[in-house]
Amino acid sequence: MGLSAVFPIFHGIKLQGIEITDRMSGLKWLVAEGVAYIVGALLYAARVPERWKPGKFDIIGASHQIFHILVLVGAGCHLKSMVLAFDNAHSEGGVKCPPVGI
Numbered sequence: 016m017g018l019s020a021v022f023p024i025f026h027g028i029k030l031q032g033i034e035i036t037d038r039m040s041g042l043k044w045l046v047a048e049g050v051a052y053i054v055g056a057l058l059y060a061a062r063v064p065e066r067w068k069p070g071k072f073d074i075i076g077a078s079h080q081i082f083h084i085l086v087l088v089g090a091g092c093h094l095k096s097m098v099l100a101f102d103n104a105h106s107e108g109g110v111k112c113p114p115v116g117i
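So the sequence shown is residues 16 to 117, counted in my numbering.
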C-alpha cells in the first residue's frame, strides 16, 4: 500500500524527466524514504539482529527498535523532500500562488 506512491513519481518522471521531477519533488529524498522504510520492514520481518545473537539485543538494538528508528529516518527524508518541493513551488522559477483579493 505504501509503495503505491511510486505511481505518481513514475508518472512525473515520464512527463517531466528525472532532473525536473527531482527538482520539483526532491526525488532523491523520496527514494531515500522508501529505502529506509523497506530496509526497516525487512529487518523487522527477518528478526535481525536477534536471529544472529539471541538474548543479546533484548534491551537495546532489537529489530523492532531499528524498525522504528528507520521509520523516523524515512519521515525525515519525506519532510526534506516536501520542503524542497515547497521551496521550488514558491521560488522565482516555480509555480506561484495567486494573490488573494479581499
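The beta carbon of each residue, even a glycine, is placed where N, CA and C say it ideally should be.
Please read these numbers as outputs of a predicted model, since none were measured by experiment.
Is residue i helix, strand or coil when you go by DSSP?
| i | result |
| --- | --- |
| histidine 105 | coil |
| isoleucine 75 | coil |
| glutamate 65 | coil |
| glycine 91 | helix |
| glycine 49 | helix |
| glycine 70 | coil |
| glycine 41 | coil |
| glycine 55 | helix |
| glycine 32 | coil |
Can the beta-carbon of residue i be found closer than 9 Å to that of residue j?
| i | j | result |
| --- | --- | --- |
| tyrosine 52 | valine 86 | yes |
| glycine 41 | serine 96 | yes |
| glycine 55 | valine 21 | no |
| arginine 62 | asparagine 103 | no |
Buried or exposed: which applies to residue i, given that a residue is buried once 16 or more other Cβ atoms fall within 10 Å of its Cβ?
| i | result |
| --- | --- |
| leucine 57 | exposed |
| serine 106 | exposed |
| histidine 93 | buried |
| glycine 17 | exposed |
| glycine 70 | exposed |
Ordered along the chain, which non-local residues of its own chain (more than five positions away) have a Cβ less than 8 Å from that of residue i?
| i | result |
| --- | --- |
| isoleucine 24 | Thr36, Ser40, Leu42 and Leu45 |
Can you give me the Cβ contacts of residue i inside the same chain, cut-off strictly under 7 Å, excluding the 5 residues immediately before and after it?
| i | result |
| --- | --- |
| alanine 77 | Glu65 |
Among residues of its own chain, excluding the 5 on either side of residue i, which ones have a beta-carbon nearer than 6 Å to its beta-carbon?
| i | result |
| --- | --- |
| glycine 89 | Glu48, Ala51 and Tyr52 |
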